[in-house]
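Before any comments, here is the structure.
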Amino acid sequence: MTSTDRSDELHAAGLDGQNRTALGRLLGTGNVGHAEVGDDGIMRATVRIPEDELIFEPSIVVFPQGGEVELTLINDDKNTHCAVLPHNGDPKIIWLVNHSKGTARLSLGGPGTYYYGSTTGNDEGRGLTAALVFGGEVPDDAKQDRPPQPRP
-7 MTSTDRSDEL HAAGLDGQNR TALGRLLGTG NVGHAEVGDD GIMRATVRIP
43 EDELIFEPSI VVFPQGGEVE LTLINDDKNT HCAVLPHNGD PKIIWLVNHS
93 KGTARLSLGG PGTYYYGSTT GNDEGRGLTA ALVFGGEVPD DAKQDRPPQP
143 RP
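Start counting the sequence shown at -7; every next residue gets the next number (this note's numbering).
Next comes the structure, spelled out in structure tokens:
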């Protein structure tokens, strides 16, 4: 199935927007974006909340490896939202009033998938969730002392 076919299927099923088949959107029905690595080594990405769509766009951002991240969030919606973001240590929260922008500096040291969402009202239940996906290797200090494991 191509991405165009996927988009058509989601639309036909009523799963590409809020208040259609489902109250909200499903995770992963938005686009996939890729972070850019700056000359300073910090990985940067921008995510928007389009008006009346209740989705982070892109809803999945791919990073080449763990490390320092600068994530800019733009709320183009007429409603207030927030973002509870993963971070080594305590999560970080950005409050996004309507038509506002915020930037968070995150430290996410290892490969994996980190989910985030807006906990305002029932935003998460209606689909305002997303994922930050990190590739790369586990840092040496976090590796377990065991024999090498098969890799895909």
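All C-beta atoms in this analysis are idealised placements derived from N, C-alpha and C, irrespective of residue type, glycine included.
Per the coordinates, the alpha-carbon of cysteine 74 lies some 38 Å from the alpha-carbon of arginine 143. Burial check for aspartate 133: the Cβ neighbour count within 10 Å stays below 16, so the residue is exposed. In this structure asparagine 67 is buried. Its beta-carbon is surrounded by 16 or more other beta-carbon atoms within 10 angstroms. In this structure, glycine 104 keeps its C-beta atom at 8 Å or more from the C-beta atom of asparagine 80. Taking C-beta atoms under 8 Å as the contact rule, serine 99 and glutamate 60 qualify, at a distance of about 6 Å. Judged by their CB atoms, lysine 93 and threonine 72 are not nearer to each other than the 8 Å cut-off.
By alpha-carbon distance to glycine 117, the top candidate from Ile47, Asp32, Gln141 and Arg138 is Ile47.
Non-local C-beta neighbours of valine 24 in its own chain, meaning closer than 7 Å and more than five positions away in sequence, comprise Pro50, Ile52 and Val54, ordered along the chain. Excluding five sequence positions before and after glycine 128, the CB atoms of its chain that fall closer than 7 Å to its own CB belong to Pro56, Gln57, Gly58 and Pro103, given in chain order. According to the DSSP assignment, alanine 96 belongs to the beta strand (DSSP E) that extends over 92 to 100. With 16 or more neighbouring CB atoms inside 10 Å of its own CB, aspartate 115 falls in the buried class. Rounded to whole angstroms, the gap between the alpha carbons of valine 76 and valine 89 is 14 Å.
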